[in-house]
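What follows is a short report on a single structure.
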Amino acid sequence: MDFGFLDQLWVARVPLLKGLGVSISISLLSIVVGTVLGVFVGLALTYGYRPVKWLVRGYTDFIRGTPVLVLVLASYYVLSTVGIDLGPFQAGILALAVFCSSHVGELVRGALQSIPKGQTEAAKAIGLTFPQTFAYVLGPQALRQALPAWVNTAAEMVKASTLLSIIGVGELLLRTQEVISRTFMSLEFYFFAGFLYFVINYGIERFGRYVERKTAVPS
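Numbering (my numbering), first residue to last: 285 to 503.
What follows is the structure in structure tokens.
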């Protein structure tokens with residue numbers, strides 16, 4: 285990077301920082317909302333009645349098989365045709381959270397099904413309700429097993445947030461493209477944007493490692 289790029293980077297610092305803040309907000313909200321929804325999806329796939337399982341299975345397979353870009357466009361354009369008018373930011377969060385929930389749901393289902401059924405039966409025997417059983421017995425074990433794959437899913441949501449530029453969300457990629465259209469320094473600014481996305485994903489990976497250490501079973 286030469287001094288010309290550094291000068292232009294300083295000039296463009298405000299829109300780039302705003303775009304970075306939007307990208308972080310989008311990623312955080314979609315991961316949190318998608319994870320919460322995914323837990324319920326995983327519970328329904330594992331313990332729901334058969335009609336509920338079929339319905340949730342259809343939802344999961346359909347969403348997992350649909351490109352994220354299609355979900356983004358559908359959330360923004362299709363929902364407006366049925367009277368649900370969402371702004372670009374809200375539509376983007378909805379699309380990413382729905383996509384995240386389908387993946388997290390499968391992670392939770394797999395983690396719960398790997399836990400021996402005897403633990404659930406033992407929890408019932410001592411009088412625990414299902415919410416208590418999940419909170420104290422099943423949930424912590426499922427968390428330890430699903431955490432590495434969840435980190436990968438969270439990183440994918442950060443990458444998918446770049447697709448929201450197509451509906452006008454002022455996230456980092458769109459702001460970078462606007463700066464490039466003025467400076468014509470495409471290589472330098474795309475490299476810088478990639479570095480910022482790497483920093484976000486590295487933070488997610490370190491957070492996952494921290495939670496993994498905190499929830500590890502002492503040897």
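Beta carbons: idealized from backbone N, C-alpha and C, even for Gly. Quantities reported herein were computed from a predicted structural model and do not represent experimental measurements.
* Report the option in Leu329, Leu290, Ala296 and Leu471 whose CA atom is closest to the CA atom of glutamine 397. => Leu329
* Would you call arginine 466 buried or exposed, if buried means 16 or more other Cβ atoms sit within 10 Å of its Cβ? -> exposed
* Asked: Can the beta-carbon of threonine 437 be found closer than 8 Å to that of leucine 422?
  -> no
* **Inter-residue CB distance, proline 299 and glutamate 462 (contact presumed, cutoff 8 Å)** => Going by Cβ atoms, the distance from proline 299 to glutamate 462 rounds to 7 Å, so yes, they are a contact pair.
* Asked: Do leucine 457 and threonine 446 come within 8 Å of each other at the CB atom, strictly closer than that value?
  -> Their beta carbons are under 8 Å apart, which means threonine 446 touches leucine 457 by this criterion.
* Asked: Shortest alpha-carbon distance to valine 453 belongs to which of Ala433, Ser307 and Val295?
  -> Ser307
* Give me the Cα-Cα distance between leucine 448 and valine 356, rounded to the nearest whole angstrom. => 7 Å
* Under the rule that 16 or more other beta-carbon atoms within 10 Å means buried, what is phenylalanine 482, buried or exposed? -> exposed
* Just confirm the distance between the C-beta atoms of glycine 484 and valine 442, as a whole number of angstroms; I'd bet it's less than 8 Å. => First, the amino acid is wrong: residue 484 is isoleucine here, not glycine. Right, their Cβ atoms sit about 5 Å apart.
* **For glycine 371 and isoleucine 310, believed in contact at Cβ under 8 Å, the rounded distance** => That belief does not hold up - the Cβ atoms of isoleucine 310 and glycine 371 are roughly 12 Å apart, past 8 Å.
* Hey, is alanine 358 close to the ligand NAP, as in C-beta under 7 Å from one of its heavy atoms? -> By its list of ligands, the structure shown contains no ligand whatsoever, and the ligand NAP lies outside what it can speak to.
* So, arginine 348 versus histidine 387, is the Cβ gap smaller than 8 Å? -> yes
* **Cβ-based burial, tyrosine 361 [other Cβ within 10 Å; buried from 16]** => exposed
* Asked: How about valine 435 and glycine 478: are their beta carbons less than 8 Å apart?
  -> no
* Asked: Should leucine 427 and threonine 365 be called a contact, given that it needs their Cβ atoms to be closer than 8 Å?
  -> no
* Report all residues from its chain with a CB closer than 7 Å to the CB of methionine 285; omit the five preceding and five following residues, and keep chain order. => At methionine 285 the pLDDT is 47, less than 50, meaning the model places this residue with poor confidence and gives no usable figure here.
* To do: Determine the extent of the alpha helix (DSSP H) in which glycine 326 is found, giving its start and end residues.
  => 297-331
* Starting from the C-beta of lysine 302, find all residues in its chain whose C-beta is less than 8 Å away, skip the five residues before and the five after it, and write them out in chain order. => Gly454 and Arg459
* To do: Indicate whether alanine 381 and leucine 321 have their beta-carbon atoms separated by less than 8 Å.
  => yes
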